[in-house]
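The structure is reproduced here in structure tokens:
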């Protein structure tokens with residue numbers, strides 16, 4: 327087997343993103359499968375891992391896994407590591423598991439007390455964060471991961487300092503299916519005056535429940551059509567989310583990196599720049615691949631001591 331490549335997978339609740347990576351973190355091949363983790367028993371999970379091994383038979387023996395596969399719902403529970411934490415220490419919390427003929431390393435995820443004083447947890451996003459932290463030139467930065475339902479705002483320096491979760495996307499999903507606003511939330515959002523209007527009103531501290539309803543009244547008054555209202559509503563929801571994060575950015579010159587493949591990630595980038603933060607989109611696949619490689623390398627150095 328070649329030690330020049332290895333297999334790494336982010337295994338979430340609904341999806342597996344598996345990659346063949348070089349030891350430097352370059353993506354050789356990638357595959358994504360939609361599968362509900364809760365629908366698989368232990369044998370089913372092992373069968374999926376065996377299929378990865380079969381797909382890339384010449385990769386290094388150990389498969390590296392992150393995400394919900396390390397939760398009680400997954401293959402084996404790996405306790406989350408507390409923040410603040412450096413990538414090398416994350417690697418030290420990884421757990422080796424033997425599943426029949428397979429050799430597996432499961433990353434731990436993270437826990438913290440957020441800057442709001444709440445307990446919070448994540449699984450999987452620690453990999454992308456490790457990919458962004460340059461151990462030789464660490465910078466103060468925010469990583470906003472917009473993978474789907476729950477966004478993670480992760481504060482970075484030389485370590486992963488702390489983070490908090492936001493249900494913005496899930497709340498929009500629920501409202502778009504089950505609320506009086508649903509007819510106004512079907513069009514694809516886009517940047518423009520309606521989006522910026524909702525954004526700035528929410529960032530200024532307007533009550534979200536009130537501002538959401540103003541989309542309906544703006545349509546009734548002929549101010550917006552339904553397409554414009556859809557963008558306005560996203561502006562309100564994103565504005566409410568990023569408004570409370572301005573304090574974590576100003577004064578410390580934090581750059582904000584936004585990782586995500588959906589149009590919503592691009593809207594977040596636009597919104598962050600519109601309110602004075604330095605935001606840029608990053609390739610989530612690329613930084614996760616680099617993170618896996620750095621964590622693997624750190625673990626190997628620890629074992630070599």
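Numbering (our numbering), first residue to last: 327 to 631. Quick reminder that beta carbons are idealized off the backbone N, C-alpha and C, glycines included.
Here the segment 609-619 makes contact with the segment 449-465; the two share three or more CB pairs at distances below 8 Å. Linking residue 564 to residue 553 through their CA atoms gives a straight-line distance of about 17 Å. Counting C-beta pairs with one atom in each stretch, the segment 411-424 and the segment 350-366 have fewer than three that are closer than 8 Å, which means they do not touch. Between residue 431 and residue 380, the CB-CB gap reaches or exceeds 9 Å.
A contact between stretches requires three or more CB pairs, one per stretch, nearer than 8 Å, and the segment 620-627 fails this requirement with the segment 491-511.
The segment 503-520 and the segment 476-488 do not touch, with fewer than three beta-carbon pairs separated by less than 8 Å. Under DSSP, residue 331 takes part in a beta bridge, and its partners are 348. Annotation note: the segment 390-433 contains the following uninterrupted alpha helix (DSSP H) runs of length 4 or greater, listed N- to C-terminal: 413-418. An exposed status is given to residue 500, since fewer than 16 other beta-carbon atoms sit within 10 Å of its beta-carbon.
Inside the segment 456-514, DSSP marks whole beta strand (DSSP E) runs of 3 or more residues at positions 467-471, 477-482, 486-492, from first to last along the chain.
Only residues of its own chain outside the window of five on either side were considered, and among them none has a CB closer than 7 Å to the CB of residue 377. Positions of the beta strand (DSSP E) runs, each at least 3 residues long and wholly inside the segment 543-594, are given as 581-585 in order along the chain. As the crow flies, the alpha-carbon of residue 591 is around 30 Å from that of residue 419. Counted as a single uninterrupted DSSP element, the alpha helix (DSSP H) harbouring residue 527 occupies residues 519-529.
About 5 Å separates the CB atoms of residue 394 and residue 338; that is less than 8 Å, so the two are in contact. By the neighbour-count criterion, in which 16 or more other beta carbons inside 10 Å mark a residue as buried, residue 568 falls on the buried side.
Per DSSP, the continuous beta strand (DSSP E) segment holding residue 436 begins and ends at 436-439.
Per the coordinates, the alpha-carbon of residue 582 lies some 11 Å from the alpha-carbon of residue 465. Minimum Cα-Cα distance from residue 344 among the listed residues 363, 375, 369 corresponds to 375.
Here residue 445 is bridged, per DSSP, to 439. Looking from the CA of residue 544, the closest CA among 507, 627, 532 belongs to 507.
Rounded to whole angstroms, the Cβ separation of residue 537 and residue 522 is 14 Å, and the two are not in contact under 8 Å. Taking every protein chain shown into account, the CB of residue 392 has 16 or more other CB atoms within 10 angstroms, so this residue is buried. Here residue 597 carries a helix assignment [DSSP, helix/strand/coil].
Across the structure, residue 539 and residue 594 are spaced so that their CA atoms are roughly 22 Å apart. Closest in alpha carbon position to residue 365, among 353, 341, 385, 382, is 341.
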